[in-house]
Amino acid sequence: MHRLISTLIKEVKLLIVDKTGITVLFVMPVLLVFIMTLIQHEAYKSLSQSGIPVLLVNNDNDSLGLAIENGFKKFGICDLTVDDGTKYRSSDDIKKRIVEGEFLAALVIPKNSTNVLRENVAEMVNVFFDQKSTVIKEPQQVKVEIIIDPTANKSFVMGINSGLKELISSIKTKILFQIMGEKIAQLLESDSKAVLPESDFFVYEEAYAVRDLKKTYQPSAVQHNIPAWAIFSIFFIVLPLGGSIIYERSEGMFIRLRTFPGNYLSILSGKLFVYFLVAIVQFVVIILLGKYVMPLLGLSVLDIGTHWLALTALTMMLSLAAVSYGLLIGTLFNTPQQSAVFGGISILIMSALGGIWVPVNIMPPVMQTISSLSPLNWALTGYYELFIKGGDWYAIQYQVLKLGLFFVFSIVISYRLYKLKTRIN
Amino acid sequence: MKGDCCIRISNLSKKYPGNDSFALKEMNLDIFNGEIFGLLGPNGAGKTTFFSIICGLLQASSGNAEIAGYSISKNLESIKKIIGVVPQDIALYPTLSGRDNLLFIGRMYGLKGKVLKERVQECLSKFGFDKNSDKPVKNYSGGMKRRINLIGGILHEPSILLLDEPIVGMDVQTRTSMMEHLKELNVNKKMTILYTSHYLEQAELFCDRVAIMDQGKILCLGSPLELIRQENGTDLEDVFLKFTGRKIRD
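Read top to bottom, the protein sequences are chains A and B. For the numbering used here, add 519 to where a residue sits in the first sequence, where the first one is 1. For the numbering used here, add 341 to where a residue sits in the second sequence, where the first one is 1.
Dropping the structure here:
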């Protein structure tokens, strides 16, 4: 115990005097989480609120044009600028504005669209009711132009397209009912005119499936990004830890450490314990950032759920996994440069596979299978269970177990490597 | 001879894996309590191999080494408690101060609290660190680093002190001062000192006995004066050159 405390004091002193190390361990992770969450928040905002500038050139100024105009305003998926065709006259002019970045997309509704729609529908209804001919003549086409910035997000473009089609289909149905109603009234020689209701027959309700049925969830950049980037930052502890182990092993101090009474591994345990505490502190700092600092910038408050013990167990196991990986890297390589390059790149790969950069569910099936091998994925799944789905210990127990096995595996391999490298025969 | 046998080396051999030649070949040596013993030899003679074996850093291929009656192969832990080791490389954390390095080393040898702090201060004062002890070691001169490195080996007052090339790279004054400190420890604390070196002048002045070794074997053994007289030389350098030859070897 005395030796462990001695090593702890030494490691803490070494950390305190190492300004670069402190920056890498605390300032950089906070900055990373901060920046990534803010960036992602803007992305969330622009898709869910009125962020993306879209131009609607309504040359029609009748039912169809107005339905599209009102519909997009109601959808709220973009920041809509409406022109009645006086300012933006030609497609080329609109394209120029998009290229210059004024708009991300433009919808051009041609003149007399509603009239053409009415004529087409009336033609169909007449053929149907008059029964003189079964041949419906080719309808006149209305060419609605959708002009898009090539850099626009594909899902956003799909959103615009499907919104437009839904609105056109809805107004088409409405006109069909109107004309059919008129035709039927004409046939029945009645003067009464039915007024169609404005609202749709269907109501769509979006709800998120979470384990805690009492809990309502609203997606937010904070809730998704804070745990993801916290995991990423904690795993970067591998760089200073691996470097420190290699430095100590390659310098004269290693001889002294090995000639102290007791086992060198107990000294190493002290080092690992300090870095374990550092990882815990990193996590707490990042969580506090999400709870108290992010809201000051207009972001939502991080909700960490109510299962404290499960959260503690998961965070401790994540920290142990990260520290043991640092030990493995530090034991495997002979120079700090080698460990920094391999450690850094391997964490980037594991994080990409683990769903830190893009969600696992949009990866190809093969990558999704590989993803389930990444310790960062295990941790992220665990935090999403606790922070987003309202899960408890039972929901994360397998993630904790997998992280624990990774810790044991790394320690065992490191020990064997250490024995091999310091073989005294 | 000053006392009972303190370090006994019996038929000690070391052959590194993949090497045809022996780094140490059937070495026999007795070092007695309270003496300062210098193991001298050119580069590649086997001094560091010998030092590493008796510190427990390397395992001998055959033979045995006993320190204070404990066998290196069976009782290494007991040996670690009674020896002090001063490695050839500076074995300190460069970003920590000299004092912090010594506090850590002292704690690892079981020193605690007030006793530890007083012992560190005492050593720092004795070795001329009244002013710079709280500065980072990386800012020290080569001689200062060597002195702190030495204090690290004697802080816990071991009965046996093992030093590997402790004065390498030092100027004459620092070398002499360091050896005087070692002599003082030997006289006042009855510390047995074994050190490896290729500085013959200091060995001649301070060692009770020396052994000259080359190619893994001890070539001659005795007090510096005895050896000089035996070989009709004027100093230990003559004896050294006679036994090891004048040609530079790799």
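For every residue, glycine included, the Cβ atom is placed at its ideal position computed from N, Cα and C.
Where threonine 633 of chain A is concerned, the enclosing alpha helix (DSSP H) starts and stops at 632-649. DSSP places methionine 449 of chain B inside the alpha helix (DSSP H), whose first and last residues are 439-449. For glycine 425 of chain B, there is no enclosing alpha helix (DSSP H); the enclosing beta strand (DSSP E) has its first and last residue at 424-427. For the 9 Å CB-CB criterion, lysine 479 of chain B and proline 428 of chain B do not form a contact.
In this structure, the alpha-carbon of aspartate 603 of chain A lies about 18 Å from that of glutamate 621 of chain A. In the pairwise beta carbon analysis, the stretch 598-615 of chain A is classified as touching the stretch 574-589 of chain A: at least three pairs are separated by under 8 Å. Burial is judged here by how many other beta carbons sit within 10 angstroms of a residue's own beta carbon; arginine 448 of chain B has at least 16 and is buried. Per DSSP, reduced to three states, the secondary structure at aspartate 579 of chain B is helical. In the three-state reduction of the DSSP assignment, threonine 533 of chain B falls in the strand class, which pools E and B. One Cα belongs to phenylalanine 792 of chain A, the other to valine 919 of chain A, and the distance between them is close to 19 Å. With respect to the C-alpha of serine 518 of chain B, the residue from B/Ile348, B/Phe363, B/Leu546, B/Lys472 having the closest C-alpha is B/Leu546. Taking the beta carbon of arginine 730 of chain A as reference, no residue of chain B falls within 9 Å; the closest one sits roughly 48 Å away. Apart from sequence neighbours up to five positions away, the residues of its chain that approach glycine 910 of chain A with a beta-carbon distance below 6 Å are Arg730, Glu904, ordered along the chain. For serine 788 of chain A, no Cβ of chain B is located within less than 9 Å of the residue's own Cβ. Against chain A, the CB of alanine 432 of chain B has a partner CB under 9 Å away; the residue lies at that interface. For the set A/Glu642, A/Lys615, A/Thr633, A/Gly700, the Cα lying nearest the Cα of isoleucine 666 of chain A is the one of A/Lys615. For the set B/Gly382, B/Phe378, B/Leu381, B/Gly387, the Cα lying nearest the Cα of lysine 356 of chain B is the one of B/Gly387. Check the Cα spacing between proline 629 of chain A and each of A/Ser689, A/Val722, A/Lys662, A/Trp876: the tightest is with A/Lys662.
In the DSSP assignment, glutamate 367 of chain B falls within the unbroken beta strand (DSSP E) covering 365-373.
It is roughly 6 Å from the alpha-carbon of glycine 923 of chain A to the alpha-carbon of methionine 836 of chain A.
Using a CB distance cut-off of 9 Å, threonine 533 of chain B does not count as an interface residue toward chain A. A residue is called buried when at least 16 other Cβ atoms come within 10 angstroms of its Cβ; alanine 832 of chain A meets this threshold and is buried. In the displayed model, alanine 798 of chain A falls within a helix according to three-state DSSP.
Under the three-state reduction of DSSP output, serine 609 of chain A falls in the coil class, being neither helix nor strand.
Valine 513 of chain B sits away from arginine 775 of chain A, with the two beta carbons spaced by 9 Å or more.
Nearest to glycine 849 of chain A by alpha-carbon distance, out of A/Leu683, A/Ile756, A/Thr539, A/Thr670, is A/Ile756. In the DSSP assignment, glutamate 567 of chain B falls within the unbroken alpha helix (DSSP H) covering 565-571. Within the stretch 760-772 of chain A, contact with chain B at the beta-carbon level (separation under 8 Å) is assigned to Glu770, Gly771, Met772.
Proline 507 of chain B places its beta carbon 9 Å or farther from that of leucine 526 of chain B.
Per DSSP, the unbroken alpha helix (DSSP H) holding glycine 682 of chain A starts and ends at 673-706. Proximity of the stretch 551-558 of chain A to the stretch 488-502 of chain B falls short of the contact definition, fewer than three beta-carbon pairs being nearer than 8 Å. Among the residues facing chain A, threonine 436 of chain B is included, as its CB has a counterpart in that chain under 9 Å away.
In chain order, Arg448, Met449 make up the part of chain B whose C-beta sits under 8 Å from the C-beta of arginine 522 of chain A. A straight line joining the alpha-carbon of phenylalanine 468 of chain B with that of glycine 451 of chain B spans about 22 Å.
In the three-state scheme derived from DSSP, where H, G and I count as helix and E and B as strand, alanine 409 of chain B is classed as coil. Residues of chain B with a Cβ closer than 8 Å to the Cβ of leucine 533 of chain A are, in chain order, Tyr434, Thr436, Leu437.
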